[in-house]
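Numbering (our numbering), first residue to last: 32 to 610. Heads up, the beta-carbon is just placed ideally off N, CA and C, and yes, glycines get one too. Just below is one structure, and these are the notes that go with it.
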């Protein structure tokens, strides 16, 4: 069983344990003896089963089990200690065990709520709040269902509940926003890269576009979705003028995967102000990284990208030979893009398909009708890619794969999630059962460039209740906090930096660090064995632990976030800063 499956199983078992104890308490209060005993037995069995899942999660990593071991386990044990003996010495009136059974239910419910509403990291304050809730709920139940407690017991219960509540609230009180750290934004003058050799102008505005035979409201660059494809040859200096016609919430251009100087990164509030209606901003940078990239707005990006403010950026090492096709995959108003495309390609022609996932979720790609190689991932060429056949690839949100092949005399088709988007003819091939390529073991290996690390950081991804703003929200969190309260990672120029990224949530988080590509060292403790894998977007699935590293060689303040942009908007964004 995977760690992700263990996390899900533990949640289900925790719900069953709480429901069993609470149901048994309610049934005993109603003098439904057989039902009460059956539900209490189910609660006890589920509690014992949860001991197994918690132990397994603790063995997988302390990140996955901290609050379960320190808070949930003691609370559940207290419930069993209180309710168990009463069940063994069952009185004639089943109603007499109602409060002990409810106490066990409250204890398991509090333990479950700690995981669901707080998560990682475990804290004394949250534990005391859970205790206060259990004591208070038990006291109320005792008052209405059991023999009224003595005045001394009542006072002790009140004191314990109030003390736990006040102490827990004080310990759990969150600090204010993460402190600002002095940092260098990097080159601030775009003109320093020289005179432009390629100039583009992009105008953002509301538009109506045609998708699958239907008119759809969109936000678009130059009235089209995707926006115009920007191309360059290595050595060019690009100048892109962004204008905003009528996008009220503002726009920017972020060059996804292209490691531009910090001042050109397009993150509002960090590297520039959002471009408001009637304004413009000029980006200028040198095209010195050949590969497949894309651009998109980073202002209100969850809405802007979804509505269509994105396009392709391709930097080629030399003028194109053969067939070179970009395939940016997107979902606009629930309808898939691009529209299917068929073209004839002469046998023997070299073909490169540049696959780009501009959505916030993973897509499955399958090339049928020919052997192929994965030549590059996220703009970096792979070392010694081998021929693949009848094999699918999964591309995370923001990621890019370049597939290359020599056109055969028979038809070839590219399928995305089972839908043909590019073909040279009809290919009636079912691809759903094909195995999926693991890029961590593909290609020829090479020694890691570093033997030590100057800085190490751990990011634990989770969900939790964020109480730091004006209104509470259920946020996607990093190390127990949500943007803007996540402390930044601070590095110095020249540092070798290692990130450990842990996903203890139930959703996939495609991780994306701006301004740098990271080298994958391991996943779930298993070292990467294939071609050195330099990524800027990678899926961290439930229960997974990724270890990646990079050289701090691009000064500035950089966004570091989940590229499921709804998750980033809901708190899963932090920053890397150069001191």
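The shortest C-alpha to C-alpha distance from residue 309 to any of 285, 277 and 297 is the one to 277. Excluding the 5 residues flanking it on each side, residue 402 has same chain C-beta neighbours closer than 8 Å at 418, 419, 420 and 436, in chain order. Relative to the Cα of residue 521, the nearest Cα in the group 466, 610 and 479 belongs to 610. The beta carbon of residue 62 is closer than 7 Å to those of 125 and 126 in its chain, skipping five residues each way along the sequence. In the structure shown, the three-state DSSP call for residue 388 is strand. Beta-bridge analysis with DSSP links residue 226 to no other residue. Within the DSSP secondary-structure output, residue 363 pairs in a beta bridge with 366. Look at the beta carbons and you see the region 426-435 touching the region 594-604: at least three pairs across the two are nearer than 8 Å. The beta carbon of residue 364 is closer than 6 Å to those of 247 in its chain, skipping five residues each way along the sequence.
472 is the residue among 587, 487 and 472 whose C-alpha sits nearest the C-alpha of residue 554. In this structure, residue 568 sits near residue 541, with a CB-CB distance shorter than 8 Å. Non-local C-beta neighbours of residue 371 in its own chain, meaning closer than 8 Å and more than five positions away in sequence, comprise 450, 451, 452, 453 and 454, ordered along the chain. By a beta-carbon distance limit of 8 Å, residue 150 does not contact residue 574. Their separation comes to about 14 Å.
Taking one beta carbon from each stretch, the region 74-90 and the region 42-52 have 3 or more pairs nearer than 8 Å; the two touch. Residue 379 is classed as exposed because its beta carbon has fewer than 16 other beta carbons within 10 Å across all chains shown. For the pair of segments examined, the region 375-391 was found not to touch the region 496-512: the number of CB pairs separated by less than 8 Å stays below three. The Cβ neighbour count for residue 117, taken over all protein chains shown within 10 Å, is at least 16; the residue is labelled buried. Cα atoms of residue 531 and residue 498: separation of roughly 26 Å, rounded to the nearest angstrom. Per the coordinates, the alpha-carbon of residue 275 lies some 15 Å from the alpha-carbon of residue 336. Residue 167 has its alpha-carbon roughly 58 Å from the corresponding atom of residue 480. Distances from the alpha-carbon of residue 264 to those of 369, 333, 328 and 346 put 346 closest.
Counting only residues of its own chain and dropping the five nearest sequence neighbours on each side, residue 465 has a CB closer than 8 Å to the CB of 397, 421, 422 and 423.
Contact check for residue 162 against residue 135 fails: the beta carbons are separated by 8 Å or more. Residue 126 sits in a helix when the DSSP states are folded into three classes. The C-alpha of residue 341 lies about 6 Å from the C-alpha of residue 258. Membership of residue 570 in any alpha helix (DSSP H) is not indicated; the residue belongs instead to the beta strand (DSSP E) covering 569-571.
Comparing alpha-carbon positions, the option among 605, 528 and 588 lying closest to residue 579 turns out to be 528. Classified as buried, residue 493 has 16 or more neighbouring CB atoms from the shown chains inside 10 Å of its CB. For residue 424, the enclosing beta strand (DSSP E) covers residues 423-426. Residue burial is scored here from C-beta neighbours: residue 411 has at least 16 other C-beta atoms within 10 angstroms and is therefore classed as buried.
Per DSSP, residue 598 lies in no beta strand (DSSP E); the unbroken alpha helix (DSSP H) holding it starts and ends at 596-600. Listed in chain order, the non-local C-beta contacts of residue 506 below 6 Å within the same chain comprise 497, 513, 601 and 602, local neighbours out to five positions each way being set aside.
In the DSSP annotation of this structure, the continuous segment of the alpha helix (DSSP H) that includes residue 44 starts and ends at 34-60.
Residue 565 sits close to residue 409, with the two beta carbons spaced by under 8 Å. In this structure, the alpha-carbon of residue 483 lies about 14 Å from that of residue 583.
Judged by DSSP secondary structure, residue 608 falls outside any alpha helix (DSSP H) and instead within the beta strand (DSSP E) spanning 604-609.
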